[in-house]
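Trainee: First to last, the sequence lines map onto chains A and B. Position in the first sequence (first residue = 1) + 62 = the working numbering. Position in the second sequence (first residue = 1) + 2 = the working numbering. Pasting in a structure now, in structure tokens, and then I'll have a few things to ask.
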Amino acid sequence: MFEQFFGNYLVGRGKLSKEELNRVIQKQKETRAKLGLIAVAEKLLTAQEAEEVNEIQGRLDRRFGDIAVDKGFLTAKQVEHLLNLQGNPYLCFVQSITEAGFMTVEEVEAELANYQEENGFTMTDMEALKSGDVDRIAPLFIPDWHVLYFEYITLTFRMISRILHIPFYFGKVRKQTEYEIECMGVQELKGAHDLFAGLSGKNNNLLVIAENFAREKFEGVNDDAFDAVCEFINCINGMFASNLSGRNIDLEICVPCWYQNRILSSKNQFYVVPLYFDDKEVDLVVAIDIAYDIIDPKCEEPTELKG
Amino acid sequence: MAKILIVDDSRTSRRMLREMLQGLGHEVIGEATNGQEAVVCFKDYQPDIVTLDITMPILDGIDALKQIIAIDPSAKVIMVTAAGQKSKILEAIKAGASDYVVKPMTKEQLALALEGVLKN
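As structure tokens, this is what we get:
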């Protein structure tokens, strides 16, 4: 994830072209093996054990290493060893850039100092960013976060990586009381907490979610594409409800729906998280325990659900 | 090879399930998009197994399951649901569901559930 944040900063500064960044990221993808694969190669896990951990990871929102330790397949020390073998994402990124001859180490370091200054990051923040760990990176971009919002947003990041398998990064989280919807897939959760979660995009940007989830091409953001987006949100919400049920907080999952050309409006603030997939922006919109209306700007009345 | 009825309101989920089931050598004899359609299709097609989503419009998976079991108490129904539906899954098992799988599932997980249900 670090390569997405810093890489796109370098592109914005004209230090790398988009194509060069894509080449660096592609090379990293090829060389940075998954923890399970390394564990099998190191003969610390059998292929069957790795598969069992992967299967559990599909049901539970937990890290591969933590599950393997709980199952007694690996010790914490062995996980640390495997993480070292996997490599630090920042160092791998710098290595890929310099080996390709796009920049020197000194140039990268100078740009990193600029990046830190421009974003007002401390040294600790930079260490978190370099770690590539979503749970450490997210607080840097989510201001004044409420615990449930934070849990939902970071879970979404992990689900994008685990289910869609596409590189992305995110921008500063915004708090808003009004949001203009062009195309948005939505699902609500009801119960001990009421949650509204939507993925929203302009033009055909939602296709990046729909096509990578459904593994098929759509001609545009039509009903089938919306259906795929909603199914992805359904997977996130299921995992979120599962996490909360472990703390005896019960939520009921509602039937998903979608909206086009509406306005989401509330007297209270909700969170908007810009997600960047290459050059396409998709917003994650989350409202927890607040009343809201979906308004048709043509008639300014709350609208019926579609889907 | 089993004759299977898929019930899910999501076209994406139905397609994914259909491809997995066909890949496992089973025959998909029908598809329904809500619980009400599921009950009608169950009577019409008499499938060996039904894969039944829980959260659906018109009639949800739990109510559809109860109607299917009322028609045929030996009906084999696998609930297919998002994670986090523990209480609903328990309700379904009590109502006569044979097993459940969690979305997004792999072909192997689905095969395991089918194998178990077909053995019994």
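Each residue gets a CB set at the ideal place from its N, CA and C atoms; glycine is no exception. Computed from a prediction, not measured in an experiment: that's the story for all the values here.
(1) Pairs of beta-carbons, one from the stretch 337-348 of chain A and one from the stretch 73-90 of chain B, closer than 8 Å: are there three or more?
(2) Rounded to a whole number of angstroms, what is the C-alpha to C-alpha distance between residue 295/A and residue 148/A?
(3) Using the C-alpha atoms, what's the distance from residue 233/A back to residue 122/A?
(4) Taking C-beta to C-beta, are residue 130/A and residue 111/A nearer than 9 Å?
(5) Mind pulling the chain A residues with CB within less than 7 Å of residue 59/B?
(6) Output needed for residue 368/A: all residues of its chain with C-beta closer than 7 Å, excluding positions within five of it in sequence on either side, in chain order.
(7) Within 10 Å of its beta-carbon, does residue 92/B have 16 or more other beta-carbons around it, so buried, or fewer, so exposed?
(8) Going by Cα to Cα distance, which pick from 98/B, 110/B, 10/B is closest to residue 78/B?
(9) Who pairs with residue 219/A in a beta bridge, going by DSSP?
(10) According to the neighbour-count rule (16 or more other Cβ atoms, all chains shown, within 10 Å of its Cβ), is residue 3/B buried or exposed?
(11) DSSP puts residue 297/A in a beta bridge; with which residues?
(12) Should residue 16/B be labelled buried (16 or more other beta-carbon atoms within 10 Å of its own) or exposed?
(13) Of all Cβ atoms in chain A, is any one closer than 9 Å to the Cβ of residue 18/B?
(14) Got a sec: is the Cβ-Cβ distance from residue 101/B to anything in chain A below 9 Å?
(15) Drop a sphere of 10 angstroms on the beta-carbon of residue 36/B, count the other beta-carbons inside from all chains shown, and report buried for 16 or more, exposed for fewer.
(16) Would DSSP call residue 4/B helix, strand or coil?
(17) In this structure, what does DSSP give as the bridge partners for residue 29/B?
(18) Against residue 121/A, what residues of chain B qualify as contacts under a CB-to-CB distance less than 7 Å, listed in chain order?
(19) Grab me the residues of residue 18/B's own chain with a C-beta within less than 6 Å of its C-beta, minus the 5 sequence neighbours each way, in chain order.
(20) Which whole-angstrom value is the C-beta distance of residue 106/B and residue 245/A, which I expect to be below 8 Å?
(21) Quick one: Cα of residue 314/A to Cα of residue 347/A, how far?
(22) I think residue 230/A touches residue 66/A, with their Cβ atoms under 8 Å apart; what is that distance to the nearest whole Å?
(23) Apply the 10 Å Cβ neighbour rule to residue 56/A and answer buried if 16 or more other Cβ atoms are within range, or exposed otherwise.
(24) What residue from 115/A, 143/A, 144/A, 155/A has the CA that sits closest to residue 68/A's CA?
(25) Quick check on the DSSP output: the beta strand (DSSP E) that includes residue 64/B runs from which residue to which?
(26) In whole angstroms, what separates the C-alpha of residue 299/A from that of residue 168/A?
(27) Report, in whole angstroms, the separation of the C-beta atoms of residue 9/B and residue 20/B, which I expect to be a contact under 8 Å.
(28) Are the stretch 56-63 of chain B and the stretch 270-280 of chain A touching, with three or more C-beta to C-beta distances below 8 Å?
(29) With a threshold of 16 other CB atoms inside 10 Å of the CB of residue 216/A, please say whether the residue is buried or exposed.
(30) Beta-carbon within less than 6 Å of residue 73/A's beta-carbon, same chain only, minus the 5 sequence neighbours each way: which residues are those?
(31) Residues of chain A with CB closer than 9 Å to the CB of residue 88/B, please, in chain order.
(32) Just list the residues that DSSP pairs residue 258/A with in beta bridges.
(33) Can you look up residue 367/A in the DSSP assignment and give me helix, strand or coil?
(34) Go ahead and label residue 24/B buried or exposed: buried means 16 or more other beta carbons lie within 10 angstroms of its beta carbon, across all protein chains shown.
(35) Which first and last residues belong to the alpha helix (DSSP H) in which residue 336/A is found?
Mentor: On the basis of the supplied data:
(1) Result no; under three Cβ-Cβ pairs closer than 8 Å.
(2) Near 30 Å, if we compare the C-alpha coordinates of residue 148/A and residue 295/A.
(3) So the alpha carbons of these two residues sit roughly 27 Å apart.
(4) Contact flag set, yes.
(5) Close to residue 59/B, with beta-carbon spacing below 7 Å, are these residues of chain A in chain order: 317.
(6) The predicted position of residue 368/A is uncertain, since its pLDDT is 44 and thus under 50; no value can be drawn from it.
(7) With fewer than 16 Cβ atoms within 10 Å of its Cβ, residue 92/B is classed as exposed.
(8) Nearest in C-alpha terms to residue 78/B, of all of 98/B, 110/B, 10/B, is 98/B.
(9) For residue 219/A, no pairing in a beta bridge is given by DSSP.
(10) When all chains shown are included, residue 3/B counts as exposed.
(11) BP columns for residue 297/A are empty, so no partner.
(12) Within 10 angstroms of the beta-carbon of residue 16/B lie 16 or more other beta-carbons, which makes it buried.
(13) Yes, residue 18/B lies at the interface with chain A (some Cβ there is under 9 Å from its Cβ).
(14) No, its Cβ sits nowhere closer than 9 Å to a Cβ of chain A.
(15) Counting Cβ neighbours within 10 Å, residue 36/B comes out buried, since at least 16 surround it.
(16) Coil, per DSSP.
(17) Paired residues: 5/B.
(18) Residues of chain B passing the Cβ test: 85, 104.
(19) Listed in chain order, the non-local C-beta contacts of residue 18/B below 6 Å within the same chain number zero, local neighbours out to five positions each way being set aside.
(20) Not a contact, Cβ separation roughly 22 Å.
(21) When only Cα atoms are considered, residue 314/A and residue 347/A end up about 19 Å apart.
(22) The Cβ separation is near 6 Å, so the contact holds.
(23) Because chain A in this structure spans residues 63 to 369, residue 56/A falls outside the shown range and cannot be described.
(24) Closest option to residue 68/A, Cα to Cα, is 155/A.
(25) For residue 64/B, no beta strand (DSSP E) run applies; the uninterrupted alpha helix (DSSP H) run containing it begins and ends at 63-73, by DSSP.
(26) Near 44 Å, if we compare the C-alpha coordinates of residue 168/A and residue 299/A.
(27) 12 Å between Cβ atoms; not a contact.
(28) Not touching, per the Cβ criterion.
(29) It counts as buried.
(30) Taken in chain order, the residues that qualify are 80, 83.
(31) Proximity of chain A to residue 88/B at the Cβ level (cut-off 9 Å) is accounted for by 303, 304, 307, 312, in chain order.
(32) Per DSSP, 250/A, 349/A.
(33) Low confidence applies to residue 367/A: its pLDDT is 48, below 50, so where it sits in the model is not reliable, and the reading given next is rough at best. Judged by DSSP in its simplified three-state form, residue 367/A adopts coil rather than helix or strand.
(34) Counting of Cβ neighbours within 10 angstroms places residue 24/B among the exposed residues, the total staying below 16.
(35) In this chain, residue 336/A is not harboured by any alpha helix (DSSP H); it is covered by the beta strand (DSSP E) spanning 319-339.
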